[in-house]
Structures are given as C-alpha cells and as structure tokens.
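Read through the structure below, which is laid out as structure tokens, and then see the notes.
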Amino acid sequence: MKKKASFFKIFSVSVIWLWLGIFALTPIFLTFITSFLTSDSNSIVKLTPTLANYSDLLNHAYFSILLQSLYLATSCTIICLIIGYPFAFIIARSQSKHRSLLLLLVIIPFWTSSLIRTYAIMAILKAKGILNGLLLALGIIDQPLQILYSNMAVLIGCVYDLLPFMILPLYTNIEKLNQSYLEAAKDLGANWFTTFIKILIPLTMPGIIAGSVLVFLPTMTMFYIPVLLGGAKNLLLGNLIEHQFLTANNWPLGTAISVIITLFMGIFILIYWRNSDEEDRESLV
Amino acid sequence: MNKFAKYFYTISVYIFLYLPIAIVIIFSFNNAQHSLVWQGFTFAWYASLLHDSALLQVAWHSLILGILAATSATVIGTLIAVSLFRYRFFGKKILHALIFILILSPEIVMAIALLLMYSFLKIPLGFWTLLLAHTSLCIPFVAVTVYSRIITFDIDIFEAAMDLGATDFTIFQKIIVPLLIPAIASGWLLSFTLSLDDVIISYFVSGPTFGILPLKIYSMVRLGVKPEVNALCTLLLAFTLFVVIISYHSIFKKKD
Numbered sequence: 053m054k055k056k057a058s059f060f061k062i063f064s065v066s067v068i069w070l071w072l073g074i075f076a077l078t079p080i081f082l083t084f085i086t087s088f089l090t091s092d093s094n095s096i097v098k099l100t101p102t103l104a105n106y107s108d109l110l111n112h113a114y115f116s117i118l119l120q121s122l123y124l125a126t127s128c129t130i131i132c133l134i135i136g137y138p139f140a141f142i143i144a145r146s147q148s149k150h151r152s153l154l155l156l157l158v159i160i161p162f163w164t165s166s167l168i169r170t171y172a173i174m175a176i177l178k179a180k181g182i183l184n185g186l187l188l189a190l191g192i193i194d195q196p197l198q199i200l201y202s203n204m205a206v207l208i209g210c211v212y213d214l215l216p217f218m219i220l221p222l223y224t225n226i227e228k229l230n231q232s233y234l235e236a237a238k239d240l241g242a243n244w245f246t247t248f249i250k251i252l253i254p255l256t257m258p259g260i261i262a263g264s265v266l267v268f269l270p271t272m273t274m275f276y277i278p279v280l281l282g283g284a285k286n287l288l289l290g291n292l293i294e295h296q297f298l299t300a301n302n303w304p305l306g307t308a309i310s311v312i313i314t315l316f317m318g319i320f321i322l323i324y325w326r327n328s329d330e331e332d333r334e335s336l337v
Numbered sequence: 125m126n127k128f129a130k131y132f133y134t135i136s137v138y139i140f141l142y143l144p145i146a147i148v149i150i151f152s153f154n155n156a157q158h159s160l161v162w163q164g165f166t167f168a169w170y171a172s173l174l175h176d177s178a179l180l181q182v183a184w185h186s187l188i189l190g191i192l193a194a195t196s197a198t199v200i201g202t203l204i205a206v207s208l209f210r211y212r213f214f215g216k217k218i219l220h221a222l223i224f225i226l227i228l229s230p231e232i233v234m235a236i237a238l239l240l241m242y243s244f245l246k247i248p249l250g251f252w253t254l255l256l257a258h259t260s261l262c263i264p265f266v267a268v269t270v271y272s273r274i275i276t277f278d279i280d281i282f283e284a285a286m287d288l289g290a291t292d293f294t295i296f297q298k299i300i301v302p303l304l305i306p307a308i309a310s311g312w313l314l315s316f317t318l319s320l321d322d323v324i325i326s327y328f329v330s331g332p333t334f335g336i337l338p339l340k341i342y343s344m345v346r347l348g349v350k351p352e353v354n355a356l357c358t359l360l361l362a363f364t365l366f367v368v369i370i371s372y373h374s375i376f377k378k379k380d
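Here the protein sequences line up with chains D and F, keeping their order. Per the numbering used here, residue 53 is the first one in the first sequence, and the count goes up by one each step. Per the numbering used here, residue 125 is the first one in the second sequence, and the count goes up by one each step.
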C-alpha cells in the first residue's frame with residue numbers, strides 16, 4: 053500500500069528547509085562572507101575582498117583579548133569539570149528514589165536566566181554584600197574585600213552560571229555506565245586511581261567533551277558577565293564583538309571574531325563526534 | 125569515598141548553586157533600601173513594580189513575543205521531530221547535524237548572523253526581527269524535546285494505521301500529536317522561558333520601538349543591586365521553577 057510521497061511529508065520537509073535555509077544557513081553564510089569584506093563608514097561593508105579582518109585580530113590589543121578569553125574559558129571549564137564530575141557521579145549513583153529530585157535541583161538552575169544568576173552573584177560579591185558581611189562578622193577580615201569588578205569575580209560568575217551545563221551531560225553519561233566494568237576492574241586488582249584513569253574517564257569521554265563545549269563557548273561570548281562582574285575593565289571576545297557591531301561600526305571585524313569562535317566550536321564538535329556513538333548523541337540535551 | 129564526605133560534598137555544591145538565588149529572593153522582601161540586616165517583611169518592592177508603567181509595558185511586550193515565538197517554534201520544531209523520525213528525505217543527516225550545531229552554538233554567533241541578514245535586507249529592527257530571531261532560537265530545543273519522546277514510540281501503531289487506510293496527515297493529527305501532547309507542551313513552555321530570558325540575541329536584534337523584559341532587566345542590573353530588581357528577578361525565578369517542574373516528567377525522565 054506504499055504510495056508516493058504524501059502531501060503532508062512534502063509540506064513538512066519544505067517548511068523545515070525553508071525556515072532553516074532563511075534563518076540558519078543564510079545568516080551563517082553571510083557572516084562568513086562578511087568576514088572577508090572591507091568595512092565602510094557609509095554602508096555595512098564595501099565589496100572589496102580582504103584578509104585584513106583576520107590579520108587585525110593578530111595585532112596586539114585584539115590578540116590579548118583573544119588570549120584572555122581563552123585563558124578564562126579554559127580555567128572555567130577545568131574548574132567546572134573538577135567540581136562537576138564527582139558531583140555528577142554521586143547523583144548518578146545515588147538511590148533511585150532520591151535521584152530524580154537531586155537531578156531536578158540541577159535542572160532548575162540550568163533553565164534559569166543566566167542574567168538573573170549573574171545578578172545574584174553580584175549581590176553576593178559586592179563590597180557591602182553577604183560575603184563581606186559574613187567574613188567581617190566572623191572576624192576573618194577587617195576590611196571589606198574588593199572581589200566584585202575583578203577577574204576573580206568574572207571567573208566565579210562564569211563557574212556559577214555554567215556549572216549546571218557541565219553536570220547534566222556528565223550525569224547522562226555516567227548514569228548509563230555499566231557498573232560491572234568498575235567491579236571487574238576492582239576484582240582484577242585495580243586501585244581506584246587506575247580505575248578512574250583507565251576505565252571511568254575513557255567511558256565518560258562523550259559527557260566530558262559535551263560538558264566542556266557547553267561551558268567553554270559561552271564563557272568566551274557571554275558579554276554581560278564581564279560587564280556586570282568585571283566592571284567592563286576586562287573585556288572578552290563577546291564584548292569585542294558587541295563593540296565592533298554596536299559602537300565601532302566595524303562589522304567585518306566583528307564577523308571575523310564570530311568565525312573564529314565558530315571554528316573553536318567546529319573543533320570541539322569533531323572531537324566529540326570521534327569520541328561518541330549514535331546513542332551518546334541522541335541522549336545529549 | 126566515605127558516606128559523610130559524599131553528603132558534605134553534594135550539599136556544598138547545592139548550596140553554591142542555590143545560595144545566591146536564595147539571597148535575591150530573601151532580600152526582595154526586606155523592608156530596607158540598602159541594608160544587609162533584616163528590617164522586616166514587606167511587599168513594597170513588588171507593589172512598586174506594579175506602579176512602574178514603563179516596566180508593565182515591556183512585560184506585556186515580552187508576554188506577546190514569548191507566546192508567539194513559542195507557538196511558531198513548537199509547530200516547526202514538532203514537524204522537524206516527526207519528519208526526522210518517520211521519513212527519509214533529502215538532507216536528513218544534515219538536518220540532524222544542524223539541530224545539534226544550533227543548540228551548541230553560542231548565542232552571539234547567531235545574534236550577529238541574524239543582524240547581518242536583517243541589515244542587508246533593510247528590515248527595521250523591532251517586533252518582527254525579534255519574533256523571527258526568538259522563534260529560530262527555540263526551534264532546536266523543541267525539536268530535541270519532542271524527538272526524545274517520539275523515539276520511544278512503537279512503529280507498529282503507524283503501520284496499523286496505514287494498513288487501515290489513514291493518510292500521513294490523519295496519522296499526524298489523530299495519533300502522533302495526541303501521544304506527543306506532554307512533550308509538545310513542555311517544548312512550548314521551555315521556548316516561552318527561553319524567549320522571556322534571552323538577553324544576547326535580543327540585545328542585537330531589537331529596536332527602540334519594542335522594548336522587552338530581559339533587556340529592561342539588563343539595563344536595571346547594570347545600575348547595581350536594588351530591591352526592586354530583586355523583586356522582579358524573584359517573579360521570573362518563580363515562573364521558571366513552575367515551568368521546569370511541569371516539564372520535568374515529560375522530558376528528563378524519558379527512560380522510565
């Protein structure tokens with residue numbers, strides 16, 4: 053009874069491709085093209101092809117922002133991994149009657165506005181905030197610490213904002229891990245360190261990479277975290293893009309930065325693809 | 125790891141995740157402008173939000189935008205999930221990869237890509253540019269939410285329906301949609317939340333004619349910590365909490 057393609061199928065597939073073609077592929081393509089064009093004060097771009105936007109990024113001021121962003125994103129990812137891995141392991145191995153509640157408590161911040169969560173960190177860290185009030189009251193310090201508006205505050209804010217994005221993919225991965233591998237390793241005389249390095253890490257690699265992408269890329273691009281917590285002194289790539297687009301009016305340079313960020317994403321996705329199977333990808337998100 | 129260390133560690137991480145939010149909520153009820161000390165319970169900050177007509181205006185805008193964006197994203201996202209599950213078609217693998225990439229890609233990349241397109245086409249920034257951008261932002265999340273539910277379906281149901289002469293549209297309307305209602309509802313609610321909270325994309329593609337809540341909050345937050353902002357943030361936190369708890373069973377416990 054197989055008929056030729058139904059009207060409904062043709063309709064659905066056309067709607068999907070029309071939408072994605074116009075609102076995903078075209079804009080991405082335009083970004084790529086614009087990054088190779090010359091900026092112009094009168095219109096968006098001049099149609100003269102150039103590599104100047106990329107070579108500009110290598111000049112001192114921009115390059116140091118790039119390095120600073122990479123440094124922050126790497127530290128943030130490592131800290132989230134160190135805090136998140138044992139945590140995800142504990143909740144994935146907890147008694148199943150508690151597990152859904154423990155997981156729900158991670159999902160709530162995952163879906164909460166990161167602007168609001170950044171604001172909450174601001175409230176904690178400010179000079180007359182809770183943290184200083186507590187430390188002063190306990191006599192640990194005798195003058196309020198100036199944590200807000202520093203690199204430290206930006207790092208704390210990023211870790212706070214993105215920790216749930218590390219925990220959830222790790223949890224999904226660890227939860228379906230077969231317990232018998234760990235028991236087999238133990239029976240064969242491996243100590244916990246060997247088990248961790250040789251068994252646990254390789255088996256949960258897809259989760260580790262997925263979590264790292266979800267932490268690393270936003271750290272470089274969430275422009276309001278440096279503005280609110282770093283006092284706009286320490287700019288990151290996200291701020292640089294914002295500045296090129298909304299103030300300096302140099303869109304080609306802004307798009308070149310965006311292409312670089314997309315490149316980082318591409319590298320991550322490739323690593324992920326090589327370390328995951330169909331099932332891992334389906335369980336992501 | 126011994127049991128005590130485990131409890132201690134888990135609880136510390138939860139405290140880290142929840143303490144800042146808890147402080148915002150508590151201080152939204154504190155009867156003092158700046159004080160860290162508890163000066164008594166008050167609803168004054170919530171009342172002053174209600175009297176801020178500019179704020180009510182942007183909240184209304186965000187509500188309309190959120191409803192429309194979530195609805196269109198839910199329609200297209202559901203079609204994507206159903207098509208990926210049922211049909212073979214040109215570019216199916218690419219579509220799968222594209223959804224995955226769109227979820228991972230940083231919002232700023234999408235924001236400036238859309239801004240570029242709007243500028244080349246000379247579309248003035250405002251309601252329409254926001255609506256199209258928010259819809260695009262939400263589609264992949266709906267697709268993933270619905271897809272994770274649809275793959276648990278038994279294909280035999282569709283075969284049976286086809287043998288009995290049902291067309292594709294009848295199957296969609298009479299079998300797929302009713303079975304998917306919980307996932308579709310979660311997809312809609314999560315999209316609405318995304319639209320209500322989105323700062324980065326909105327920052328680039330909005331115009332002066334149509335102010336929305338996340339940008340208003342951003343401009344308030346930049347001026348520092350204030351009790352009115354605490355109150356506004358508390359209201360939005362309560363809404364997110366409500367949405368996540370409603371959606372929780374249909375998405376995150378799919379394996380049960």
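All C-beta atoms in this analysis are idealised placements derived from N, C-alpha and C, irrespective of residue type, glycine included.
Since residue i and residue j are thought to touch, with beta carbons under 8 Å apart, how far apart are those beta carbons, to the nearest angstrom?
{"i": "I370 (chain F)", "j": "L313 (chain F)", "result": "6 Å"}
{"i": "L133 (chain D)", "j": "S264 (chain D)", "result": "7 Å"}
{"i": "Y133 (chain F)", "j": "P138 (chain D)", "result": "6 Å"}
{"i": "K61 (chain D)", "j": "D292 (chain F)", "result": "6 Å"}
{"i": "G290 (chain D)", "j": "I219 (chain D)", "result": "About 23 Å; that fails the 8 Å criterion."}
{"i": "F297 (chain D)", "j": "G306 (chain D)", "result": "5 Å"}
{"i": "W303 (chain D)", "j": "T86 (chain D)", "result": "6 Å"}
{"i": "T198 (chain F)", "j": "I308 (chain F)", "result": "6 Å"}
{"i": "L254 (chain F)", "j": "S343 (chain F)", "result": "In fact, because the Cβ distance is near 16 Å, the residues do not count as touching under 8 Å."}
{"i": "T259 (chain F)", "j": "S196 (chain F)", "result": "5 Å"}
{"i": "I143 (chain D)", "j": "L156 (chain D)", "result": "Not quite, the Cβ-Cβ distance comes to about 10 Å (not below 8 Å), so this is no contact."}
{"i": "C210 (chain D)", "j": "T271 (chain D)", "result": "5 Å"}
Quick one, are the C-beta atoms of residue i and residue j less than 8 Å apart?
{"i": "T202 (chain F)", "j": "V148 (chain F)", "result": "no"}
{"i": "T317 (chain F)", "j": "T364 (chain F)", "result": "yes"}
{"i": "D322 (chain F)", "j": "P332 (chain F)", "result": "no"}
{"i": "V311 (chain D)", "j": "T102 (chain D)", "result": "no"}
{"i": "T256 (chain D)", "j": "L234 (chain D)", "result": "no"}
{"i": "S319 (chain F)", "j": "L189 (chain F)", "result": "yes"}
{"i": "F141 (chain D)", "j": "I226 (chain D)", "result": "yes"}
{"i": "F151 (chain F)", "j": "I236 (chain F)", "result": "no"}
{"i": "V345 (chain F)", "j": "L280 (chain D)", "result": "yes"}
{"i": "L324 (chain D)", "j": "A262 (chain D)", "result": "Note on residue identity: the sequence assigns Tyr, not Leu, to residue 324 (chain D). Cβ distance < 8 Å, so Y324 (chain D) and A262 (chain D) count as in contact."}
{"i": "L222 (chain D)", "j": "I260 (chain D)", "result": "yes"}
{"i": "A76 (chain D)", "j": "T90 (chain D)", "result": "no"}
{"i": "V206 (chain D)", "j": "P161 (chain D)", "result": "no"}
{"i": "L361 (chain F)", "j": "I168 (chain D)", "result": "yes"}
Please report the distance separating the alpha-carbon of residue i from that of residue j.
{"i": "T299 (chain D)", "j": "I293 (chain D)", "result": "10 Å"}
{"i": "N155 (chain F)", "j": "L261 (chain F)", "result": "39 Å"}
{"i": "F296 (chain F)", "j": "I227 (chain F)", "result": "26 Å"}
{"i": "W169 (chain F)", "j": "N184 (chain D)", "result": "25 Å"}
{"i": "L197 (chain D)", "j": "A175 (chain D)", "result": "14 Å"}
{"i": "Y276 (chain D)", "j": "H185 (chain F)", "result": "22 Å"}
{"i": "L180 (chain F)", "j": "A194 (chain F)", "result": "21 Å"}
{"i": "F320 (chain D)", "j": "L174 (chain F)", "result": "46 Å"}
{"i": "V301 (chain F)", "j": "L143 (chain F)", "result": "41 Å"}
{"i": "I223 (chain F)", "j": "L208 (chain F)", "result": "11 Å"}
{"i": "V267 (chain D)", "j": "M274 (chain D)", "result": "11 Å"}
{"i": "A237 (chain D)", "j": "P258 (chain D)", "result": "21 Å"}
{"i": "L322 (chain D)", "j": "S328 (chain D)", "result": "10 Å"}
{"i": "F128 (chain F)", "j": "F366 (chain F)", "result": "32 Å"}
{"i": "W71 (chain D)", "j": "S229 (chain F)", "result": "18 Å"}
Using the DSSP secondary-structure output, state which residues sit across from residue i in a beta bridge.
{"i": "F165 (chain F)", "result": "F:N154"}
{"i": "V97 (chain D)", "result": "D:S91"}
Got a sec: is the Cβ-Cβ distance from residue i to anything in chain D below 8 Å?
{"i": "C357 (chain F)", "result": "yes"}
{"i": "S260 (chain F)", "result": "yes"}
{"i": "V353 (chain F)", "result": "yes"}
{"i": "A156 (chain F)", "result": "no"}
{"i": "H215 (chain F)", "result": "The residue asked about is misnamed: residue 215 (chain F) is Gly in this sequence, not His. Judged by the 8 Å Cβ criterion, G215 (chain F) is in contact with chain D."}
{"i": "D176 (chain F)", "result": "no"}
{"i": "L304 (chain F)", "result": "no"}
Is the shortest distance between the beta-carbon of residue i and the beta-carbons of chain F less than 8 Å?
{"i": "S121 (chain D)", "result": "no"}
{"i": "A175 (chain D)", "result": "yes"}
{"i": "L133 (chain D)", "result": "no"}
{"i": "T273 (chain D)", "result": "yes"}
{"i": "P258 (chain D)", "result": "no"}
{"i": "I193 (chain D)", "result": "no"}
{"i": "V337 (chain D)", "result": "Note that V337 (chain D) scores a pLDDT of 48, beneath 50, so its modelled location is shaky; the value from the coordinates is reported in the next line. Judged by the 8 Å Cβ criterion, V337 (chain D) is in contact with chain F."}
{"i": "M204 (chain D)", "result": "no"}
{"i": "A237 (chain D)", "result": "no"}
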